[in-house]
Amino acid sequence: MRVLTLLLALAACAPVARPGPAPPPLADRVRTILTQPGTRWGLLVVDEGGREIVAIDPDARFVPASNSKLPAVLSAMTSGEPAQGTAVAIEGEDVVLIGAGDPWLSSADDCARDCLATLADAVAARTKRVRDVIGDDRRWPDERWGQGWSWNNLATRSGTAISALSLDENVTTLTVRPGAEPSVEASGGWYTVEARVTTGTTTALSVDRLPGERRLVVRGTIAGTAAVTLVQSIDDPALYAAHRLAGMLRARGVVVGGTRVRHRVAAEPVAVEAPVLARLTPPGDDESYARTLKASQNLFAELLLRRAGDGSGAGGLARYEGLFGAAGAARTGWDFADGSGMSNYNRLSPRASVALLRWAAGQPFAARFRSALAVGGVDGTLAQRFRGTPLEGRLWAKTGSLSGASALSGYLTAASGRTLTFAVFANDMPSGAGSPTAAMDAALLAIAAAN
Numbered sequence: 033m034r035v036l037t038l039l040l041a042l043a044a045c046a047p048v049a050r051p052g053p054a055p056p057p058l059a060d061r062v063r064t065i066l067t068q069p070g071t072r073w074g075l076l077v078v079d080e081g082g083r084e085i086v087a088i089d090p091d092a093r094f095v096p097a098s099n100s101k102l103p104a105v106l107s108a109m110t111s112g113e114p115a116q117g118t119a120v121a122i123e124g125e126d127v128v129l130i131g132a133g134d135p136w137l138s139s140a141d142d143c144a145r146d147c148l149a150t151l152a153d154a155v156a157a158r159t160k161r162v163r164d165v166i167g168d169d170r171r172w173p174d175e176r177w178g179q180g181w182s183w184n185n186l187a188t189r190s191g192t193a194i195s196a197l198s199l200d201e202n203v204t205t206l207t208v209r210p211g212a213e214p215s216v217e218a219s220g221g222w223y224t225v226e227a228r229v230t231t232g233t234t235t236a237l238s239v240d241r242l243p244g245e246r247r248l249v250v251r252g253t254i255a256g257t258a259a260v261t262l263v264q265s266i267d268d269p270a271l272y273a274a275h276r277l278a279g280m281l282r283a284r285g286v287v288v289g290g291t292r293v294r295h296r297v298a299a300e301p302v303a304v305e306a307p308v309l310a311r312l313t314p315p316g317d318d319e320s321y322a323r324t325l326k327a328s329q330n331l332f333a334e335l336l337l338r339r340a341g342d343g344s345g346a347g348g349l350a351r352y353e354g355l356f357g358a359a360g361a362a363r364t365g366w367d368f369a370d371g372s373g374m375s376n377y378n379r380l381s382p383r384a385s386v387a388l389l390r391w392a393a394g395q396p397f398a399a400r401f402r403s404a405l406a407v408g409g410v411d412g413t414l415a416q417r418f419r420g421t422p423l424e425g426r427l428w429a430k431t432g433s434l435s436g437a438s439a440l441s442g443y444l445t446a447a448s449g450r451t452l453t454f455a456v457f458a459n460d461m462p463s464g465a466g467s468p469t470a471a472m473d474a475a476l477l478a479i480a481a482a483n
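According to the numbering used here, the stretch in the sequence shown is residues 33 to 483, in order.
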């Protein structure tokens, strides 16, 4: 009895374990992560039933950058408009290269499919003399750049011209070779080059070219022994394609007079094709969707947008009313001026983005759509993000990056195994503030771990 009394007395004197302070709510933790002075954030994450898990300014409008490619691809998926290949025809003494919106046409030496060389072979087998090679992109109106594109991007791969007759993704390369007197070579003979490059201790090169001109100046210094490749956009893709075909014909012993182009303004009727000598078959649409979303390829997005409409950018964008309407997104949640996200006129709210993604997840093509998205830590523009984290291989999304704007929208598998749909946007980042992607990723990891 005395022993029992002593034990009870000791127990009464022992300190009582008290619970620690409860962790802050998930939304507060996420807001703490998304802290970058001057940056405006928007985020929405919902579960399979559409229940909000975290919402931060979800109805505000943001510049979505390449998240603009999501409706472009979904519009193409729902349009039913089949992809068509580039064709070649003979009109009298001329050869006509006829564009049909194919983004894959290639003039590469190692081309294995959808090759311009195949069309050159067909012409060379028929004739050994051609007056002109004509690049014909009249299938679509001549609208080579999107509204709201920044002029400084037009010379780059991101801002290359759009055409129903596109070749080599409408870019060409310059090769700068070091040496006592560095040299610059333009592939394909499209551009003439003035080289103002010297040998230096670092490599710092720039290219000057006015819009519409085929003369450019390469300036700067080059160091070391390795050649440097610079990419330049093409301002007139249809004429460039004619130029490349003419060169291939000459290499096959065909005498060619010159090259010219046929464009169509929007008010003109669609051109009637001449009898076709040969037509290529482009790769399947799923490859185009993946190239658009995983690699964030701007030209592909713009070509898909036009194919889904009447060949014009406005025609493709007109389909967005039905697309967002079917998703139940408020009309105030979105406005678009292009399909690639290069336009500073585009606006999208996190809620509208999530609505569109949830709608897509319920469509017959849902698996195809998700497989076209970049996978965290695995491929595409997300290959280096989420690697080594619980979301590696468990997040499918579209990235977006533009001056002062960053975005990520898609799906993730939470710790519980549930699928969450999300959209997170950052806008108005001050100059020198650094990329907000690390904060974005940390916020999504916190949300995934808590659900």
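Ideal Cβ positions, reconstructed from N, Cα and C, are used throughout, including at glycine. Please read all numbers here as calculations on a predicted model, not as lab measurements.
Quick one: what does DSSP say residue i is sitting in, helix, strand or coil?
i: T431; result: strand
i: T207; result: strand
i: F332; result: helix
i: L38; result: Because L38 carries a pLDDT of 45, less than 50, the predicted location of this residue cannot be relied on, and the following value inherits that uncertainty. Three-state result, L38: helix.
i: W181; result: coil
i: M33; result: Interpretation of M33 is limited by its pLDDT of 48, a score under 50 that renders its predicted location unreliable; the figure taken from the coordinates is listed afterwards. Correct three-state label for M33: coil.
i: A121; result: strand
i: R390; result: helix
i: T253; result: strand
i: V410; result: coil
i: G466; result: coil
i: V105; result: helix
i: A43; result: Only weak support is given to the placement of A43: the predicted model assigns it a pLDDT of 49, under 50, and the value that follows is read from those uncertain coordinates. In the structure shown, A43 sits in a helix (DSSP, three-state: H, G or I).
i: G436; result: coil
i: A87; result: strand
i: I194; result: coil
i: A475; result: helix
i: I166; result: strand
i: R189; result: helix
Is residue i near residue j, with beta carbons less than 8 angstroms apart?
i: L388; j: P103; result: yes
i: A475; j: L75; result: yes
i: V229; j: D240; result: no
i: D174; j: H275; result: no
i: R338; j: Q329; result: no
i: V78; j: V456; result: no
i: N376; j: S182; result: yes
i: R379; j: F94; result: yes
i: E334; j: G371; result: yes
i: S344; j: A404; result: no
i: P269; j: L186; result: no
i: T71; j: D473; result: no
i: R292; j: D164; result: yes
i: I85; j: I479; result: yes
Comparing C-alpha positions only, which one of the options sits nearest to residue i?
i: I254; options: C143, G211, S433; result: G211
i: I166; options: L199, L271, N99; result: L271
i: T431; options: A458, T451, G354; result: A458
i: R484; options: N202, R63, D153; result: This structure cannot speak to residue 484, because the chain is shown only from 33 to 483.
i: L444; options: D142, W428, S98; result: W428
i: E213; options: G178, G256, N184; result: G256
i: T451; options: R61, G81, P56; result: G81
i: E319; options: G180, T469, A115, T204; result: A115
i: D425; options: A439, A446, S435, L434; result: The displayed chain sequence assigns Gly, not Asp, to residue 425. Comparing Cα-Cα distances from G425 to each of A439, A446, S435, L434, the minimum goes to A446.
i: L349; options: A108, D91, I88; result: A108
i: A154; options: V127, D267, D141, R145; result: V127
i: L237; options: L477, R251, G354, A358; result: R251
Going by DSSP, which residues form a beta bridge with residue i?
i: Y223; result: Y223 pairs with nothing; no bridge assigned.
i: Y443; result: W428, T453
i: E245; result: Answer is none; E245 lacks a bridge partner.
i: G74; result: F457
i: C147; result: S138
message = Measuring CB atoms only, is the region 407-418 touching the region 64-84, in the sense that at least three cross pairs come out at less than 8 angstroms?
response = no
key: Validate contact between the region 275-291 and the region 299-310 using beta carbons, cut 8 angstroms, 3 pairs   = no
message = Across the region 130-150 and the region 187-204, are there enough close Cβ pairs to call them in contact, namely three or more that are closer than 8 angstroms?
response = yes
task = Kindly confirm or deny that the region 117-124 and the region 155-169 touch, where touching means at least three C-beta pairs closer than 8 angstroms.
result = Touching, per the Cβ criterion.
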